[in-house]
Amino acid sequence: MTAEMFPKEKTIDLRKKHIGPSCKVFFSHDPIKIVRAKGQYMYDENGVRYLDCINNVAHVGHSHPMVVKAGAEQMELLNTNSRFLHDNLVQYAQRLQATLPEKLSVCYFVNSGYVHANDLALRLAWEYTGHKDVITLDNAYHGHVSSLINISPYKFHQLANAEQSKSVHVALSPDLYRGNYRQDHPDPATAYADDVNNLIQKAHEKGHKVGAFIAESLQSCGGQVIPPAGYFQKVAQHVHQAGGLFIADEVQVGFGRVGTHFWAFQLQGEDFVPDIVTMGKPIGNGHPMSCVVTTREVAEAFKNSGMEYFNTFGGNPVSCAIGLAVLDVIEKEDLQGNALRVGGYLMRLLEQQKEKHPLVGDIRGRGLFVGAELVRDRVKLTPATAEAQDIIYKLKEQHILLSADGPHRNVLKFKPPMCFSEEDADMVFVSCCLESSRNHILLSLVHYSKCL
Numbered sequence: 323m324t325a326e327m328f329p330k331e332k333t334i335d336l337r338k339k340h341i342g343p344s345c346k347v348f349f350s351h352d353p354i355k356i357v358r359a360k361g362q363y364m365y366d367e368n369g370v371r372y373l374d375c376i377n378n379v380a381h382v383g384h385s386h387p388m389v390v391k392a393g394a395e396q397m398e399l400l401n402t403n404s405r406f407l408h409d410n411l412v413q414y415a416q417r418l419q420a421t422l423p424e425k426l427s428v429c430y431f432v433n434s435g436y437v438h439a440n441d442l443a444l445r446l447a448w449e450y451t452g453h454k455d456v457i458t459l460d461n462a463y464h465g466h467v468s469s470l471i472n473i474s475p476y477k478f479h480q481l482a483n484a485e486q487s488k489s490v491h492v493a494l495s496p497d498l499y500r501g502n503y504r505q506d507h508p509d510p511a512t513a514y515a516d517d518v519n520n521l522i523q524k525a526h527e528k529g530h531k532v533g534a535f536i537a538e539s540l541q542s543c544g545g546q547v548i549p550p551a552g553y554f555q556k557v558a559q560h561v562h563q564a565g566g567l568f569i570a571d572e573v574q575v576g577f578g579r580v581g582t583h584f585w586a587f588q589l590q591g592e593d594f595v596p597d598i599v600t601m602g603k604p605i606g607n608g609h610p611m612s613c614v615v616t617t618r619e620v621a622e623a624f625k626n627s628g629m630e631y632f633n634t635f636g637g638n639p640v641s642c643a644i645g646l647a648v649l650d651v652i653e654k655e656d657l658q659g660n661a662l663r664v665g666g667y668l669m670r671l672l673e674q675q676k677e678k679h680p681l682v683g684d685i686r687g688r689g690l691f692v693g694a695e696l697v698r699d700r701v702k703l704t705p706a707t708a709e710a711q712d713i714i715y716k717l718k719e720q721h722i723l724l725s726a727d728g729p730h731r732n733v734l735k736f737k738p739p740m741c742f743s744e745e746d747a748d749m750v751f752v753s754c755c756l757e758s759s760r761n762h763i764l765l766s767l768v769h770y771s772k773c774l
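Numbered according to this note's numbering, the sequence shown spans residues 323 to 774.
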């Protein structure tokens with residue numbers, strides 16, 4: 323049986339007929355039909371190769387042989403739920419814990435890319451604190467189930483006539499480029515943390531109590547936002563004083579992607595340790611699994627609620643075998659070191675473009691988590707949304723897959739598989755002509771290709 327059963331047009335027709343219309347595809351004007359992938363490359367039905375700069379789920383590379391072998395071999399032996407004893411479960415929990423601060427010692431394995439993890443994290447916080455209110459960041463995205471849409475401004479702002487839950491409080495995104503407190507501010511970490519504290523005080527005045535503060539360690543859908551050093555420590559202090567817990571969402575940026583550290587929350591310094599960490603997406607290299615890690619104290623409070631926690635597929639032997647293989651590959655191939663080296667190289671290439679082209683307003687990132695914010699005016703910071711979309715489609719025509727995000731959809735996002743190389747970074751910087759409604763801008767996005 324071949325990888326392609328139907329012509330592309332037939333696949334599109336069947337998708338329109340049988341798949342929900344709210345389930346979108348990349349490049350909707352001309353979607354790509356992918357039939358196989360290897361490493362950082364994806365291939366369409368005609369064998370055309372695309373460089374994947376989008377897919378942080380295929381963390382160690384698409385179809386990595388060690389990961390595929392681990393899953394297949396365990397599937398031949400056994401796959402069952404975690405109510406039976408199995409060494410894969412405890413071995414994997416032990417390996418994960420070894421990457422984290424000592425007090426984060428208890429794991430809950432769940433399935434799906436991340437939503438079950440973030441939903442469970444809220445339950446843990448609510449049970450431990452007895453408080454129901456949650457503080458989240460503006461433009462945050464934490465998942466698609468009801469409890470998470472409520473704490474995801476990136477999503478609930480899109481809903482017609484939607485009212486924000488009275489138990490959810492939205493803090494300023496700690497954005498040093500276009501946020502309320504920018505790089506010229508003497509202490510942006512304190513200023514942004516004070517905003518969180520103000521929300522806590524306002525909630526108390528209304529008789530509410532905060533159970534949790536949740537934040538992506540680096541905001542992804544919010545536009546590749548890097549919080550200022552010390553921000554999390556100051557926020558945690560306010561939240562703890564209010565009786566709440568700090569939840570760090572590592573779903574997008576964990577497992578060595580930031581280069582200098584295995585977890586992005588560690589960028590804030592050794593003196594900061596969240597109460598709960600959630601992880602998913604890259605954890606299984608495309609296999610649906612995720613995890614919540616917390617302290618013994620929080621876990622015991624959850625147990626004392628009297629309700630058993632069980633997830634049918636969470637922590638099954640196949641998932642744990644795959645998770646172990648992903649950790650092995652990260653270590654064996656030094657992918658965290660590669661993220662640091664190649665990410666630094668990519669940032670330097672982008673900085674060169676910023677020096678040449680006023681369209682490039684800001685370059686920010688850590689490791690292989692990089693954003694380039696496009697603006698029409700560097701003083702007014704007018705978002706160059708249309709130009710960002712033009713660039714994405716022109717790169718697609720050159721077989722390079724990139725996406726744009728942020729509240730204005732003007733931030734080019736680089737979050738490729740961790741095997742991404744300097745040669746791949748060079749390939750991205752092809753010369754393509756970008757024609758806007760106002761002027762013609764030559765944006766060197768790859769230096770050895772001709773303008774389209």
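Backbone N, C-alpha and C define an ideal beta-carbon position, used for all residues, glycine too. This structure is a prediction, so every number in the text was calculated from the model and none was measured.
Segment limits, alpha helix (DSSP H) that includes residue i
i      : result
Asp455 : Here Asp455 belongs to no alpha helix (DSSP H); instead the beta strand (DSSP E) covers Asp455 to Leu459.
His526 : Pro510 to Glu527
Phe406 : Careful: Phe406 lies outside any alpha helix (DSSP H) and carries neither H nor E.
Val620 : Arg618 to Lys625
Gly659 : Leu657 to Lys678
Arg445 : Val437 to Thr451
Glu744 : Glu744 to Val750
Phe594 : Premise fails: Phe594 is in no alpha helix (DSSP H) and is neither H nor E.
Phe431 : Premise fails: Phe431 lies in the beta strand (DSSP E), Val428 to Val432, not in any alpha helix (DSSP H).
Phe577 : Run containing Phe577: none; DSSP gives neither H nor E here.
One or two residues paired with residue i in a DSSP bridge
i      : result
Gln541 : Val547
Ser489 : DSSP lists no partner for Ser489.
Leu373 : Tyr363 and Ile722
Thr704 : Asp699
Gly693 : Arg686 and Lys735
His384 : Gly361
Phe554 : Paired residue(s): none; Phe554 is not in a bridge.
Cβ distance (whole Å) where residue i is taken to contact residue j below 8 Å
i      : j      : result
Ser385 : Lys425 : Contact doesn't hold; Cβ gap of about 37 Å is too wide.
Pro475 : Val456 : Contact flag wrong, Cβ pair sits at about 12 Å.
Val651 : Met388 : 5 Å
Asp776 : Lys716 : Outside the displayed span of the chain (323 to 774) sits residue 776, for which this structure offers no information.
Val428 : Thr616 : 6 Å
Gln546 : Gly687 : 6 Å
Selection from the options that minimises the alpha carbon distance to residue i
i      : options                           : result
Gly608 : Leu734, Val614, Gln574 and Arg670 : Gln574
Leu287 : Gln413, Val651 and Ile536         : With the chain running from 323 to 774 in the structure shown, residue 287 is simply not present.
Ala706 : Lys716, Glu695 and Gly393         : Glu695
Gly666 : Cys345, Gly689 and Val697         : Gly689
Met327 : Gly578, Pro343 and Asn368         : Asn368
Met740 : Gly581, Asn410 and Trp585         : Gly581
Arg358 : Ser350, Val347, Gly383 and Cys345 : Gly383
Ile605 : Pro596, Cys642 and Asn626         : Cys642
His730 : Val697, Leu459 and Asp374         : Val697
Lys488 : Ala511, Lys524 and Leu723         : Lys524
Tyr514 : Gly552, Ser542, Gly544 and Val532 : Gly552
His775 : Asn732, His526, Val692 and Ala710 : Absent from the model: residue 775. The displayed extent of the chain is 323 to 774, so no value can be given.
Pro738 : Pro549, Phe691, Gln720 and Pro353 : Phe691
Lys603 : Ala511, Leu540, Pro343 and Val437 : Val437
Cys543 : Gly576, Gly693 and Asn410         : Gly693
Ser725 : Lys330, Val347 and Glu331         : Val347
Range of the contiguous beta strand (DSSP E) that encloses residue i
i      : result
Gly645 : It is not in any beta strand (DSSP E) - Gly645 instead sits in the alpha helix (DSSP H) that spans Pro639 to Lys654.
Met601 : Ile598 to Met601
Leu567 : Leu567 to Asp571
Below-8 Å beta-carbon distance, residue i vs any chain B residue
i      : result
Ile598 : In the structure shown, chain B cannot be found, because there is only a single protein chain.
Any non-hydrogen atom of the ligand FAD closer than 7 Å to residue i Cβ
i      : result
Arg504 : With respect to small molecules bound, the structure shown includes none, and the ligand FAD cannot be examined in it.
Under 8 Å, with one C-beta from each stretch per pair, do the region 632-645 and the region 422-438 reach the 3-pair mark?
yes
Three or more beta-carbon pairs under 8 Å between the region 505-524 and the region 646-660, yes or no?
no
Any chance the region 608-625 sits against the region 433-452, with 3 or more Cβ pairs inside 8 Å?
yes
Is the region 363-371 close to the region 597-616, with three or more CB pairs under 8 Å?
no
Do the region 497-507 and the region 463-470 make contact, defined as three or more Cβ pairs closer than 8 Å?
No, the region 497-507 does not touch the region 463-470.
Segment contact flag, the region 577-593 with the region 467-474, C-beta cutoff 8 Å, min 3 pairs
no
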